[in-house]
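Data block below; observations after.
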Amino acid sequence: MSLLFAMLLLSSCVLTKVVTVPMRVGGAIISVIPVVGEGIDEAIDDTADVIDAIPI
């Protein structure tokens, strides 16, 4: 039973990472743009942190 629970916990963690890693990479690429890039990257990173915290 605990193995099944561990698998479910791991799969939800992987699911959120599948969503947030491309977001973070996109934000890092956008951060190169002068003046506005850093703010956009920060907003994307904050959003990705919220998604990572979702207990699915």
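Going by the working numbering, 14 is the number at position 14 of the sequence shown; the sequence numbering is gapless.
We put the beta carbon where it would ideally sit given N, CA and C, even for glycine.
Only a predicted model underlies this, so the values are computations on that prediction, with no experimental measurement involved.
Sequence-distant residues of the same chain with beta carbon closer than 6 Å to residue i, five excluded per side
i, result
"GLY27", "ASP41, ILE44, ASP45"
"MET23", "ILE44, ALA48"
8 Å CB neighbourhood of residue i in its chain, flanking five on each side removed
i, result
"SER31", "GLY37, GLU38, ILE40, ASP41"
"ASP52", "THR16, LYS17, THR20"
"ILE33", "ILE40"
Span of the alpha helix (DSSP H), counted from its first residue to its last, around residue i
i, result
"VAL50", "37-53"
For residue j and residue i, the rounded distance between their alpha carbons
i, j, result
"ILE54", "VAL35", "31 Å"
"VAL50", "ILE29", "20 Å"
Cβ-heavy atom distance, residue i to the ligand SAH, below 7 Å
i, result
"VAL36", "As presented, the structure is devoid of all ligands, the ligand SAH included, so that no description of it is given."
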